[in-house]
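Undergrad:
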Amino acid sequence: MSLSSVSSNRKLRAGVIGFGLSGRVFHAPFLSASPNYELSTIVERHTDEAQKIYPTVKIYRSTSELMNDPEIDLIVITTPNASHFPLAKEALERGKHVIMEKPFTVSTDEALELIQLVQKQQGKYVLYPYQNRRYDSGFRTIRQIIDQKLLGEEIVEMEIHFDRYRPQLKTSGSIWREQSGPGSGILYDLGSHLIDQALCLFGHPKTITADVRKQRLNAQSDDYFDIRLEYGEQRRLRVILKASMFVREMGPRYQIHGTKGSFLKYGDDVQENELKSGRIPDINDRDWGKEPEHDWGLLHTEISDGQIIKEKYPTLNGDYGSFYEDLYQTIVHSQPLKIRVEDGYNIIRLIELAQQSSQEKRTIVCDKLL
């Protein structure tokens, strides 16, 4: 279905491939709640969990059934990482718009092939990388602070963590994430979010230095990383990205330091737990994604005429629903993409460079970014 063939006053019919954590928590609730979408179909191969929650939704047992459905406008891919590329390629070739869960692909070669396919189709179909963490409350607040230059004209250092305390390997659920194989491990999983946030805020780095390792007993894939991004001699900026499975006492999620002040933010966005508990997103609910005041970050900076403030800074609401509304505006009203297909490629390129840096124990130049 082409962009021009989409009526500006009708819903987009969506099909979701997979009903694990991603499909069940991050995608289906927003497609179901949005007035601009119809959650039409879910591919669930072996169980009937989706039917229990969405009794009117059509259930398919195979991806081919969904691909062949002429009523479907948009396909959401939430399957294991190694299957992202072939499913996205098939969906685009079948004339569907596509949302791709992170990581975008497991290699830059795959990512480039998809970009070339989209270019060959001359923008007829949208391939949209799923980066919901751009809509986290903490990240939205940091963008506001940077845009308003509340920490000064220049940011000199930012550190972002995505830590957990999970010392034991998984024995159920998405075990594939912790097995050896293409696209497995914490760098592809959580690293995709942190790298995207760094790129979104500061653009392309000049060099990358990384330590990627296995820390847990009998781990088959990486479960720790420490990545340092440098932005060249003309910018004092350094960005540090870290994730570990051995952090029982959480430090700040974000630490950002500028020429006039600092901002520290603890805690995670509240939306994930709200969705896991079964709360339905509502575009008219002002409290959706609202963080308790006691979790607001600390702003310590100079604001004017030497006046120093040290106070809590209100956290903006998280809003994962805006991801889907931004996509709708692109498909139906031809608005520019908020998240480019090239953004998905750049994340994979930096993941590959981080792996190379860690293996060779040296700093690598960040080349071939788009």
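Its first residue numbered 151, the sequence shown is counted upward by one per residue in the numbering used here.
Yeah, the Cβ is synthetic: ideal placement off N, Cα and C, and Gly gets one too.
1. Grab me the residues of M151's own chain with a C-beta within less than 7 Å of its C-beta, minus the 5 sequence neighbours each way, in chain order.
2. By Cβ distance below 8 Å, which residues in the same chain neighbour Y474 in space, the five residues on each side in sequence not counted?
3. Applying the 10 Å Cβ sphere with the 16-neighbour rule, what's the burial state of P442?
4. Which runs of the alpha helix (DSSP H) fall wholly inside the segment 385 to 459 and span at least 4 residues, in chain order?
5. Report the residue from F375, K364 and R293 whose alpha carbon sits nearest the alpha carbon of L580.
6. Taking the DSSP output, what are the residues bridged to L379?
7. Tell me, to the nearest whole angstrom, how far the beta carbon of Y280 is from that of K252; I am working on the premise that it is less than 8 Å.
8. K208 lies in the beta strand (DSSP E); which residues open and close that run?
9. Would you say the segment 387 to 399 touches the segment 326 to 346, given that touching needs at least three Cβ pairs under 8 Å?
10. Would you call the segment 284 to 302 and the segment 264 to 271 touching, i.e. three or more CB-CB distances under 8 Å?
11. Residue range of the alpha helix (DSSP H) that H177 falls in?
12. For L500, I'd like the list of residues in its chain whose CB is within less than 6 Å of its CB, leaving aside the five on either flank, ordered along the chain.
13. For the alpha helix (DSSP H) that contains P526, what are its first and last residues?
14. Tell me whether P367 is buried or exposed, calling it buried when 16 or more other Cβ atoms sit within 10 Å of its Cβ.
15. Given this structure, state the Cα-to-Cα distance separating R314 from V397, to the nearest angstrom.
16. In chain order, what residues of the same chain lie with their CB nearer than 7 Å to the CB of D339, ignoring the 5 residues before and after it?
17. Between H407 and chain B, is any beta-carbon pair separated by less than 9 Å?
18. Return the chain-ordered list of same chain residues with a C-beta closer than 7 Å to the C-beta of I458, the five sequence neighbours on each side being excluded.
19. Roughly how many angstroms separate the alpha carbons of T228 and A238, rounded to a whole number?
20. Consult DSSP for V248 and reduce its assignment to one of helix, strand or coil.
21. Suppose the cutoff is 8 Å on Cβ atoms and the five residues either side in sequence are ignored; what does the same chain contact list for S154 look like?
22. Once DSSP output is grouped into helix, strand and coil, what is the label at K270?
23. Bridge partners of K462, per DSSP?
24. Who pairs with I225 in a beta bridge, going by DSSP?
25. Report, in whole angstroms, the separation of the C-beta atoms of N231 and G333, which I expect to be a contact under 8 Å.
TA: A quick look at the data gives this:
1. Bear in mind that the predicted position of M151 carries a pLDDT of just 34, short of 50, making it unreliable; the figure below should be weighed with that in mind. Here the set comprises D223 and G245.
2. Excluding sequence neighbours, Y474 sits near F180, L181, S184, N186 and Y187.
3. exposed
4. The segment 385 to 459 contains these whole alpha helix (DSSP H) runs: 421 to 426.
5. Not covered by the structure: residue 580. The range shown for the chain is 151 to 520.
6. I358 and V389
7. 6 Å
8. K208 to Y210
9. yes
10. no
11. Neither: H177 is in no alpha helix (DSSP H) and is coded neither H nor E.
12. I345
13. Coverage of the chain is limited to positions 151 through 520, which leaves residue 526 absent and any answer about it impossible.
14. Checking the displayed sequence, the identity of residue 367 turns out to be Leu instead of Pro. Flag for L367 reads exposed.
15. 6 Å
16. R327
17. The chain inventory of the structure shown lacks chain B, comprising one protein chain alone.
18. E452
19. 11 Å
20. strand
21. With a pLDDT of only 37 at S154, under the threshold of 50, the placement of this residue in the model should not be trusted; the figure read from the coordinates follows. Excluding positions up to five away in sequence, the list is empty.
22. helix
23. In DSSP, K462 forms a bridge with L448.
24. G165 and V248
25. That belief holds up - the Cβ atoms of N231 and G333 are roughly 3 Å apart, short of 8 Å.
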